[in-house]
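Chemist:
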Amino acid sequence: MDIDKTGKVQHPRVRLAIHGAIQRGEMKVINGIIVHQTGAYTAQSSFNSYKTANPNGAHFLIDKDGTIYQTASIYQKTHHVGFIKSRCMEEHKCTPAEVAALKGKTVGRQIGTVEKHKPFPRRYPDNSDSIGIEIVSGVQGQAFEAVTGAQQVSLTWLAAQLTSTLGISTREIYRHPQVSWKNATEASTAQW
């Protein structure tokens, strides 16, 4: 996989569909990858959402047929993670100072604010230093649909290419609910 100086992937398997509205400023370092599901049944639904005021979005979108779209430069931040969980709490590795800083903080904004001031890898990758990959899939009841076989093949390929090209540790690839307070079924059937 080649990446040009503007952060666009140059590869036949990746279709460029850059949406400037989801880009939120320069991303100086890439420490991880966050895998999402869209909650919508078509790629076009995601593309349409990028036209709204202050849209959220990720760097890549994998359609049900396995088509990979690049929707933002990998050198640009996007809003795709939300407030991150406390890594030290999740991994049971907090220092006494971290415990004190988190004491009395509520889930979401308060814990996320404490975490965003920590250096990586003391915190999870967030909007400032991670690539987001969205998988097109709806929600059935309270659960996300399983990813399709074609999506799985594309995700496996894309994750392998990004980690090897950018030097990202495979240990720093996460399902969205692992790092933020989201529906626990999101990306639960995705493998890389």
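Each residue of the sequence shown is one higher than the last, beginning at 926 in the working numbering. Virtual Cβ for every residue (Gly too), placed ideally from N, Cα, C. As the structure is a computational prediction, the values presented were derived from the model and not from experiment.
Between which two residues does the alpha helix (DSSP H) containing Glu1111 stretch?
Modeler: No alpha helix (DSSP H) holds Glu1111; DSSP gives it neither H nor E.
Chemist: DSSP state of Ser1105, grouped into three classes?
Modeler: Looking at Ser1105 - three-state DSSP - the assignment turns out to be strand.
Chemist: Three-state secondary structure (DSSP) at Ile947?
Modeler: Three-state result, Ile947: helix.
Chemist: CB His984 to CB Gly1074, shorter than 7 Å?
Modeler: It is not a contact, given that the beta carbons lie outside the stated cut-off.
Chemist: Between the beta-carbon of Ile958 and the beta-carbon of Ile1098, is there less than 7 Å?
Modeler: Against a cut-off of 7 Å, the Cβ pair of Ile1098 and Ile958 comes out as a contact.
Chemist: Could you give the DSSP three-state label for Val1180: helix, strand or coil?
Modeler: In the structure as shown, the chain starts at 926 and stops at 1117, and residue 1180 therefore has no counterpart that could be examined.
Chemist: Give every residue of the same chain whose Cβ lies closer than 6 Å to the Cβ of His936, excluding the five residues on either side of it in the sequence, and list them in chain order.
Modeler: The answer, listed in chain order, is Met926.
Chemist: On a CA-only basis, which of Pro1102, Glu1111, Ala1085, Asp1054 is nearest Ile955? Give me that one, please.
Modeler: With distances taken between Cα atoms, Ile955 lies closest to Asp1054.
Chemist: If I measure Cβ to Cβ from Thr931 and keep anything under 8 Å in the same chain, skipping five residues before and after, which residues do I get?
Modeler: Closer than 8 Å at the Cβ level, and outside the excluded window around Thr931, lie Ser998, Tyr1000.
Chemist: Ignoring anything shorter than 4 residues, give me the alpha helix (DSSP H) runs that lie fully in the region 955-998, in order along the chain.
Modeler: Within the region 955-998, the complete alpha helix (DSSP H) runs of at least 4 residues are 968-974.
Chemist: Which partner residues of Gln1001 appear in the DSSP bridge assignment?
Modeler: Looking at the DSSP assignment, Gln1001 forms a beta bridge with Glu951.
Chemist: Opposite Glu1023 in the DSSP bridges: which residues?
Modeler: DSSP output for Glu1023 lists no bridge partner at all.
Chemist: Using DSSP with H/G/I as helix, E/B as strand and the rest coil, what is Gly1057?
Modeler: Strand.
Chemist: For Lys1002, does the count of other Cβ atoms within 10 angstroms reach 16, so buried, or fall short, so exposed?
Modeler: Lys1002 should be labelled buried.
Chemist: Let me check understanding here. Comparing Cα to Cα, which of Lys933, Ala1022, Glu1111 lies closest to His1101?
Modeler: For His1101, the nearest C-alpha among the options comes from Glu1111.
Chemist: Is the region 935-949 touching the region 1036-1043 in the sense that three or more CB pairs, one from each, lie closer than 8 Å?
Modeler: They do not touch, by the three-pair rule.
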